[in-house]
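K.L.:
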Amino acid sequence: MASNTVVAAPDGGYYPWIELLNQSDGSIELSQYTLTKDTVSNNEWALPAYTLPSGQSVVIWFSGNESRVLPFQAGFSVDLSEQYFGLVRLGQLSHLLSFPFPPNENESIGLNPSKKNEWIHFKSVDVTPGLPNKSPTFWKKITNHTSFNPRDSSPNASLVYDGKIWVLAGYRQTPAGWISLSDVWNSSDGIHWNLVNASPPYDPYSSYIVFANKMWAFDPTGCYSSTDGVTWTKEAATFPGGLSSRMTMLNNTLYAVSGSYVWSSTDAINWTTRRTDAPWGNRRAWPGFVAHNGRLFYMGGGINYFTGNDYYYNDVWSSADGVNWELVTASAEWAGRYWFAPISFDNKLWIISGWNYYDYGNPEYGNMNEIWVSEDGNHWRQLISDDIWPNRHAPLVWIKDNALYVSSGYGGGGARRMYNDIWVCEKKFDLTIPMASSISYGDDLVPPAFANSVTLNAEADAYFSRADDKIRAKKLGVVNTRIQFNGDQVYYPYFTQQQVAISKRNLVVMVWDTLREVGQPNPEFRLRYDGFAFDETIADLISEPYSEVVADRYSPVGKYPIRILGGASDHYDIIRIPGILDVTFDGVLTPYPNPTSGRINFVLPYNLEQGDQVILVAMDGREVYRGTPLSPTNYFSIYLDVPDGLYVYHINAGDRSFSGRIAVSHD
1431 MASNTVVAAP DGGYYPWIEL LNQSDGSIEL SQYTLTKDTV SNNEWALPAY TLPSGQSVVI
1491 WFSGNESRVL PFQAGFSVDL SEQYFGLVRL GQLSHLLSFP FPPNENESIG LNPSKKNEWI
1551 HFKSVDVTPG LPNKSPTFWK KITNHTSFNP RDSSPNASLV YDGKIWVLAG YRQTPAGWIS
1611 LSDVWNSSDG IHWNLVNASP PYDPYSSYIV FANKMWAFDP TGCYSSTDGV TWTKEAATFP
1671 GGLSSRMTML NNTLYAVSGS YVWSSTDAIN WTTRRTDAPW GNRRAWPGFV AHNGRLFYMG
1731 GGINYFTGND YYYNDVWSSA DGVNWELVTA SAEWAGRYWF APISFDNKLW IISGWNYYDY
1791 GNPEYGNMNE IWVSEDGNHW RQLISDDIWP NRHAPLVWIK DNALYVSSGY GGGGARRMYN
1851 DIWVCEKKFD LTIPMASSIS YGDDLVPPAF ANSVTLNAEA DAYFSRADDK IRAKKLGVVN
1911 TRIQFNGDQV YYPYFTQQQV AISKRNLVVM VWDTLREVGQ PNPEFRLRYD GFAFDETIAD
1971 LISEPYSEVV ADRYSPVGKY PIRILGGASD HYDIIRIPGI LDVTFDGVLT PYPNPTSGRI
2031 NFVLPYNLEQ GDQVILVAMD GREVYRGTPL SPTNYFSIYL DVPDGLYVYH INAGDRSFSG
2091 RIAVSHD
């Protein structure tokens, strides 16, 4: 550890330190060695006389104040600028540790106990001087920095070719400001990097792919190929996709997407337009596009970047030919995002990191360090690990030797959060299957993606249904539940157990708000249901809910609640959401009922008071009726021996007066 503020030496000071471990079968006499940070003289500090038994370790503190008795303190100091340590025996140099860049403050570099002779970085919470190193559980950082500049990249300017991982471009900070540049680097191990070409001819926002045993870059000026990264040959003068087009390969055919366009090519030079109107529309930026298990997958992305109207998609589309697309899911479990890295690894689709700025108070500036995986693009689960990189978007990713590499990306907030670290995740992962302690009837016990992979204990089997790739609660009660996964070539065995309380499920019953005219009969109030499980219907209830409203056709203008009453179930708590009957008046009085014996009955929009007048006038201007109600009412009945036809009415009621027409019929 080159910079230390977390682990105190025995004298209480916080010094850099180094730990020496004897991995031989016998004891080692330390006085036969010299510890050095100088590659020229190799004689910086002779180790004290001390016999180190096999399998034991000793810590040396770099305080600058020499102590040749335990606890040992070296006679020189180190800092974060150190990039080399050596251990010398009898004039023969043996590298103890050499690395291009030092660890971060309070991090250390040490041997991975799970993989022989592999050096990895340990976070401050995991440093253990004098104790065995902690095995990484999921991800391991193999270097804090690389020789290439910190950068992000979208599209993913990274390839695996000729047994090496390659970086082909990136957006980074330079003396001229923030800019995207093309440059070519490669590495066999992810730690030691070689600059192959400082200025290749393609645009940094090209699309990159390995095809026909060559590396390719595509930009609007054409396409370029290379077999060594040094020499790039312009193979064609045109390419239909624009900058930042997404590209992948399926069945030896290249596919590219940009906006709503989809193209394909079998030679990387001649392109065929497959779609001009892809169903996701001509609006989306920075989506994911990848081939997986014999199909193309298009997902995520967004619109209206940084306008205040940003929208981030989390839909997934799939096609076998680039022409016929189907919507796999309109809303995946992961949040919509830009600038994520999609990749197919270990028979799964992976979504790595990304950016979503809905929350302007997000201390990570909207950047993510999430990992989501799916076998089919429909059911997703999040892989959670404490050993993971800081939040970022637009990382570089590679798959090499059955391992997934993640590097670079931007975490927001300035150059200090532009990364060029390297993290590695190898096959055989620890698995965590989330299981809730309280669920409702019909809920999933575990996410659907796990349903076919786990077994339940006998007690739980009686409470859960296994069908349609789901494990769902079918019985109320409290059950001691144990789920077990036996492991496969990807995941270690796993089990968890806890008490699960299964309660009634909420069944929402609601009725639409309804509008009708005064004097008309009430319409049918249809109930709507939301929340049934297992394709159940109202026939599965003990009794059905029903609606009730206090208004009838005689009721005046107003809003009347439509209540929902009744209903019972063993499995559902019925949540009743009432509606509103809005009785309105459009100025036309409708006689009710069809009058007989010369009597005309009609409903007024509101109550008339004593002294108010009802006047009926024929179309020729003759007044045929004038009268007043005997008591407050909105239902008015008069004897009227007049011919059938259209009449004008006047309601004289002060500021509530109104007039209109009424059709009189004695049928």
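Quick note: the sequence shown uses my numbering, first residue 1431, plus one each step. Idealized CB from N, CA, C, for every residue including glycine.
1) Taking DSSP's pairing of strands, which residues face Phe1894 in a bridge?
2) Are the stretch 1610-1630 and the stretch 1644-1662 touching by the rule of at least three beta carbon pairs closer than 8 Å?
3) Per DSSP, which residues does Val1640 bridge with? Please list them.
4) First and last residue of the beta strand (DSSP E) that includes Lys1571?
5) Quick check: the stretch 1582-1590 against the stretch 1837-1846, are there 3 or more CB pairs under 8 Å?
6) Pull up the distance between the alpha-carbon of Asn1808 and that of Thr1678, whole angstroms please.
7) Could you check what DSSP says for Asp1428 in three-state terms: helix, strand or coil?
8) Quick test of your reading: Pro1772 and Gly1689, contact by CB under 8 Å. State the CB separation rounded to the nearest angstrom.
9) For Ser1618 and Lys1594, which I take to be in contact (beta-carbon distance under 8 Å), what is that distance rounded to the nearest angstrom?
10) Does Ser1577 come out as helix, strand or coil in the three-state DSSP assignment?
11) Rank Gln1950, Gly1997 and Gly1949 by C-alpha distance to the C-alpha of Ile1417 and give the top, closest one.
12) Taking 8 Å as the cut-off, does the stretch 1868-1884 touch the stretch 1808-1827 (at least 3 CB pairs, one atom from each stretch)?
13) From the DSSP output, which residues share a beta bridge with Phe1925?
14) Give a yes or no on whether the C-beta atoms belonging to Ser1985 and Asn1910 are separated by under 9 Å.
15) For the pair the stretch 2034-2041 and the stretch 1998-2007, tell me if three or more CB-CB distances fall below 8 Å.
16) Do Asn1536 and Ile1435 come within 9 Å of each other at the CB atom, strictly closer than that value?
17) With DSSP as the reference, identify every bridge partner of Glu1947, one or two as the case may be.
18) Tell me the DSSP secondary structure of Arg1846 in three-state form.
19) Among the candidates Val1827, Leu1995 and Ala1833, whose CA atom is the shortest distance from the CA of Phe1955?
20) Does Gln2040 come out as helix, strand or coil in the three-state DSSP assignment?
21) Write down every uninterrupted run of the alpha helix (DSSP H) in the stretch 1779-1839 whose length is 4 residues or greater and which is fully enclosed by it, in chain order.
22) Taking the DSSP output, what are the residues bridged to Gly1652?
23) Short of 6 Å in beta carbon distance, which residues of its chain neighbour Ile1621, apart from the five on each side in sequence? Order them along the chain.
24) Between the Cα of Ser1484 and those of Gln1453, Ile1609 and Asp1745, spot the shortest distance and give me the residue it belongs to.
25) Using beta-carbon positions only, say whether Ala1698 and Ser1655 come within less than 9 Å of one another.
26) Given a cut-off of 9 Å on the beta-carbon distance, is the pair Gly1730 and Asp1745 in contact?
27) State the Cα-Cα distance for the pair Asn1936 and Ser1870, rounded to the nearest angstrom.
P.N.:
In this structure, then:
1) As a first step, residue 1894 must be located in the sequence shown, where it is residue number 464. Paired residue(s): Ala1903.
2) yes
3) Counted from its first residue, the sequence shown places residue 1640 at position 210. According to DSSP, which records beta bridges pairwise, Val1640 is partnered with Met1645.
4) The sequence position of residue 1571 within the sequence shown is 141, counting from 1. Element bounds for Lys1571: Lys1570 to Thr1573.
5) yes
6) Within the sequence shown, the letter at position 378 stands for residue 1808. Within the sequence shown, the letter at position 248 stands for residue 1678. Their Cα atoms are separated by approximately 20 Å.
7) It is not possible to answer for residue 1428, since the shown part of the chain is limited to 1431 through 2097.
8) The sequence position of residue 1772 within the sequence shown is 342, counting from 1. The sequence position of residue 1689 within the sequence shown is 259, counting from 1. Their Cβ separation, rounded to whole angstroms, is 18 Å, which puts Pro1772 and Gly1689 out of contact at 8 Å.
9) Here residue 1618 corresponds to residue number 188 of the sequence shown, with the count starting at 1. Here residue 1594 corresponds to residue number 164 of the sequence shown, with the count starting at 1. That belief holds up - the Cβ atoms of Ser1618 and Lys1594 are roughly 5 Å apart, short of 8 Å.
10) Along the sequence shown, read from residue 1 onward, the residue named residue 1577 stands at position 147. Three-state DSSP puts Ser1577 in coil, outside helix and strand.
11) Residue 1417 falls outside the range modelled here, since the chain spans only 1431 to 2097, and no answer is possible.
12) yes
13) Taking the first residue of the sequence shown as position 1, residue 1925 is located at position 495. Paired residue(s): Gln1914.
14) Taking the sequence shown and counting its residues from 1, one reaches residue 1985 at position 555. Taking the sequence shown and counting its residues from 1, one reaches residue 1910 at position 480. No, the pair does not count as a contact, with Cβ atoms beyond the cut-off.
15) no
16) Against the sequence shown, residue 1435 aligns to sequence position 5. Against the sequence shown, residue 1536 aligns to sequence position 106. Contrary to the premise, residue 1435 reads as Thr rather than Ile in this sequence. It is a contact, given that the beta carbons lie within the stated cut-off.
17) Residue 1947 sits at position 517 when you count from the first residue of the sequence shown. Glu1947 is bridged to Thr2014.
18) On the sequence shown, position 416 is the one that residue 1846 refers to. Three-state result, Arg1846: helix.
19) Along the sequence shown, read from residue 1 onward, the residue named residue 1955 stands at position 525. Minimum Cα distance to Phe1955 is reached at Leu1995.
20) The sequence position of residue 2040 within the sequence shown is 610, counting from 1. Note: Gln2040 maps to coil in three-state DSSP.
21) none
22) Locating residue 1652 in the sequence shown gives position 222, where the first residue counts as 1. DSSP lists Asp1649 as partners of Gly1652.
23) Taking the sequence shown and counting its residues from 1, one reaches residue 1621 at position 191. Ile1572 and Thr1573.
24) Here residue 1484 refers to the residue found at position 54 when the sequence shown is read from its first residue. The shortest Cα separation from Ser1484 among Gln1453, Ile1609 and Asp1745 belongs to Gln1453.
25) Indexing the sequence shown from 1 puts residue 1698 at position 268. Indexing the sequence shown from 1 puts residue 1655 at position 225. Cβ atoms of Ala1698 and Ser1655: closer than 9 Å.
26) In the sequence shown, counting from the first residue as 1, residue 1730 sits at position 300. In the sequence shown, counting from the first residue as 1, residue 1745 sits at position 315. Yes; because the gap between Cβ atoms is below 9 Å, this pair is in contact.
27) Along the sequence shown, read from residue 1 onward, the residue named residue 1936 stands at position 506. Along the sequence shown, read from residue 1 onward, the residue named residue 1870 stands at position 440. Their backbone Cα atoms lie some 8 Å apart in a straight line.
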